[in-house]
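Asks:
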Amino acid sequence: MPRTRLHTLPHLHNHGKSQCIPQINDTLVHHSASLHSTCRKVAPFAERNTRMATVTANFGTKSHYKQALQSHILHALIHGTDFHALCDPLIDDLWNKPYFILSLLMEEMAKPKNERLEWIFWVDGDSFIVDQCRPLSSFLPPEPSLPFASHLPQAQGESEPRKPEHEPNVIVSNDPSGFNDGVFFLRVNQWAVDLFTDILAFRHFKPEVELVFSEQSAMDHVLQHPKFKDHVQLVPQHWFNAYPLDGPKEYELRSDKEAKEMEEFKLRRGDFLVHFAGHNDKEGAMPDWAEYLAVNPTPWGDGRVQRDVSGEVDKWWKNIGY
Numbered sequence: 146m147p148r149t150r151l152h153t154l155p156h157l158h159n160h161g162k163s164q165c166i167p168q169i170n171d172t173l174v175h176h177s178a179s180l181h182s183t184c185r186k187v188a189p190f191a192e193r194n195t196r197m198a199t200v201t202a203n204f205g206t207k208s209h210y211k212q213a214l215q216s217h218i219l220h221a222l223i224h225g226t227d228f229h230a231l232c233d234p235l236i237d238d239l240w241n242k243p244y245f246i247l248s249l250l251m252e253e254m255a256k257p258k259n260e261r262l263e264w265i266f267w268v269d270g271d272s273f274i275v276d277q278c279r280p281l282s283s284f285l286p287p288e289p290s291l292p293f294a295s296h297l298p299q300a301q302g303e304s305e306p307r308k309p310e311h312e313p314n315v316i317v318s319n320d321p322s323g324f325n326d327g328v329f330f331l332r333v334n335q336w337a338v339d340l341f342t343d344i345l346a347f348r349h350f351k352p353e354v355e356l357v358f359s360e361q362s363a364m365d366h367v368l369q370h371p372k373f374k375d376h377v378q379l380v381p382q383h384w385f386n387a388y389p390l391d392g393p394k395e396y397e398l399r400s401d402k403e404a405k406e407m408e409e410f411k412l413r414r415g416d417f418l419v420h421f422a423g424h425n426d427k428e429g430a431m432p433d434w435a436e437y438l439a440v441n442p443t444p445w446g447d448g449r450v451q452r453d454v455s456g457e458v459d460k461w462w463k464n465i466g467y
């Protein structure tokens with residue numbers, strides 16, 4: 146059977162002079178413990194002991210971004226995932242994202258390998274966790290050493306399951322406009338340090354290249370370089386970067402038939418995360434979702450899940466050689 150994890154509190158880290166992560170009180174701790182217990186009863190997921198951290202940025206005082214941050218903090222508390230938030234700008238504009246990620250990578254790489262993080266999960270500040278029961282590790286490629294990876298293919302005479310020639314170091318998606326780095330997984334290793342060093346340097350060494358979407362465009366360009374491209378997995382957007390079609394009331398009442406007629410990247414019950422990238426009224430839309438999700442932290446338990454990507458994720462990794 147897959148390993149399960151007891152409910153333990155993670156480390157929450159503010160970065161900068163401000164403290165954007167609110168004080169964690171007993172009420173929130175008890176709430177996260179209760180949800181952890183509920184998830185183990187009603188949701189079909191098993192935890193892996195992967196060392197992971199959710200990483201984000203949260204500047205200013207806008208309440209809808211604070212509500213989104215709280216959504217990710219709750220998920221970290223439920224699953225025992227470390228959490229890092231950049232609370233004050235370090236450099237200009239959107240370039241804070243790669244700068245902050247690189248600084249964390251450098252800190253982790255200075256640690257012994259068995260102590261450092263294995264994966265970073267970056268989330269933009271305009272997103273909410275919609276299914277608090279799903280662990281981040283459920284999107285990662287299987288670890289051959291784990292009992293539930295016994296299905297992994299082995300050639301005759303091999304003592305260990307095979308892995309693909311190029312293991313993924315970035316797991317990310319496109320959206321209808323192209324590459325989107327609002328939500329992605331990053332393996333912590335020297336490759337990642339080199340990647341984010343090149344992303345930060347790109348605008349200085351390639352000033353003639355128009356970066357329509359700032360650091361996102363730079364990351365897109367750099368990932369296409371031969372030294373990086375073989376370790377990138379572009380996965381379906383709906384896995385962990387779904388966009389809202391409308392509001393939470395419509396989401397709650399939508400029939401299965403209506404859900405099947407929607408575009409694939411639009412949010413359905415059972416999806417992990419909703420991202421408001423490009424939304425024309427975030428300040429109006431996000432508080433409604435915060436209110437709804439505070440009462441409905443997971444769709445599991447009532448038999449109304451419309452999409453569970455677990456089988457799709459498993460098949461994806463099998464198809465690339467795991």
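Counting from 1 along the sequence shown, just add 145 to a position and that's the residue number in the working numbering. Every residue gets a Cβ at the ideal spot worked out from N, C-alpha and C, and that includes glycine.
1. Looking at the ligand ATP, does it come within less than 6 Å of Met-251, judged from the CB to the closest heavy atom?
2. Are there 16 or more other CB atoms within 10 angstroms of the CB of Ser-322, so buried, or fewer, so exposed?
3. Taking the straight line between their C-alpha atoms, what separation do you get for Ala-255 and Gly-448?
4. How many angstroms separate the CA atom of His-420 from the CA atom of Pro-371?
5. With a cut-off of 8 Å, do at least 3 Cβ pairs link the segment 241 to 250 to the segment 333 to 342?
6. Does Phe-204 come out as helix, strand or coil in the three-state DSSP assignment?
7. For the beta strand (DSSP E) that Arg-332 lies in, which residues bound it at each end?
8. Are there 16 or more other CB atoms within 10 angstroms of the CB of Cys-184, so buried, or fewer, so exposed?
9. When you compare the segment 259 to 277 with the segment 407 to 420, are there three or more beta-carbon pairs, one atom per stretch, that lie closer than 8 Å?
10. For Lys-162 and Cys-232, what's the separation of their Cα atoms in angstroms?
11. Here's the rule I'm using: 16 or more other beta-carbon atoms within 10 Å means buried, otherwise exposed. How should Gly-392 be labelled?
12. With DSSP collapsed to three states, give me the class of Ile-223.
13. Specify the secondary structure class of Asn-259 as computed by DSSP and reduced to three states.
14. Of the choices Arg-413, Asp-459 and Phe-373, whose alpha-carbon is the least far from that of Trp-445?
15. Compute the Euclidean distance between the alpha carbons of His-224 and Pro-280, then round it to the nearest angstrom.
16. Using the three-state DSSP reduction, which class does Lys-469 fall into: helix, strand or coil?
17. Would you identify the three-state DSSP class for Asp-320, choosing helix, strand or coil?
18. Among Leu-222, Glu-192, Val-367 and Asp-433, whose alpha-carbon lies nearest the alpha-carbon of His-209?
19. Could you say if the segment 311 to 328 and the segment 363 to 370 meet the contact criterion of at least three C-beta pairs nearer than 8 Å?
20. Taking just the CA atoms, how far does Ser-282 sit from Trp-462?
21. Using 10 angstroms around the beta-carbon of Glu-406, count the other beta-carbons present and answer buried if the total reaches 16, otherwise exposed.
22. Go through the segment 366 to 390 residue by residue and report every complete run of the alpha helix (DSSP H) that reaches 4 residues or more, in order.
23. With Trp-264 and Met-197 assumed to form a contact (beta carbons below 8 Å), what rounded beta-carbon distance in angstroms separates them?
24. Does DSSP put Asn-159 in a helix, a strand or coil?
25. For Gln-168, is the classification buried or exposed, using 16 other Cβ atoms within 10 angstroms of its Cβ as the cut-off for buried?
26. So, helix, strand or coil for Val-454, using DSSP?
27. Using the Cβ count rule (16 or more neighbours within 10 Å means buried), how would you classify His-217?
28. For Ile-465 and Glu-312, I'd like the C-alpha separation in whole angstroms.
29. Give every residue of the same chain whose Cβ lies closer than 8 Å to the Cβ of Ser-318, excluding the five residues on either side of it in the sequence, and list them in chain order.
30. Measure how close the beta-carbons of Gln-212 and Ala-435 come, nearest whole angstrom, since I'm counting them as under 8 Å.
31. Mind checking which residues open and close the alpha helix (DSSP H) that includes His-175?
32. Specify, as a first and last residue, the run of the beta strand (DSSP E) that Phe-273 falls within.
33. What span of residues does the beta strand (DSSP E) with Leu-438 cover, start to end?
34. Any idea what DSSP makes of Leu-250, helix, strand or coil?
Replies: Once the coordinates are examined:
1. The ligand ATP is not part of this structure, which contains no ligands at all.
2. Around the beta carbon of Ser-322, fewer than 16 other beta carbons sit within 10 angstroms, so the residue counts as exposed.
3. 46 Å
4. A direct Cα-Cα distance of roughly 30 Å separates His-420 from Pro-371.
5. yes
6. coil
7. Taken as a continuous stretch (DSSP letters only), the beta strand (DSSP E) holding Arg-332 covers 323 to 332.
8. buried
9. With a cut-off of 8 Å, the segment 407 to 420 and the segment 259 to 277 count as touching, because enough Cβ pairs lie within range.
10. If I take the Cα positions, the gap works out to 7 Å.
11. exposed
12. helix
13. Correct three-state label for Asn-259: coil.
14. Residue Arg-413 holds the alpha-carbon nearest to the alpha-carbon of Trp-445 among Arg-413, Asp-459 and Phe-373.
15. Approximately 7 Å between the Cα atoms of the pair.
16. A query on residue 469 cannot be resolved here, the shown segment of the chain reaching from 146 to 467 and no further.
17. strand
18. Asp-433
19. Verdict: yes, contact present.
20. Answer to the nearest angstrom: the Cα atoms are 13 Å apart.
21. exposed
22. 371 to 374
23. The Cβ separation is near 5 Å, so the contact holds.
24. Strand, per DSSP.
25. exposed
26. Three-state result, Val-454: coil.
27. His-217 should be labelled buried.
28. 9 Å
29. Asn-325, Val-328, Phe-329, Leu-379, Val-380, Pro-381, Gln-382, Trp-384, Phe-385 and Asn-386
30. Right, their Cβ atoms sit about 4 Å apart.
31. 171 to 187
32. 272 to 274
33. Taken as a continuous stretch (DSSP letters only), Leu-438 belongs to no beta strand (DSSP E), being part of the alpha helix (DSSP H) at 427 to 440.
34. helix
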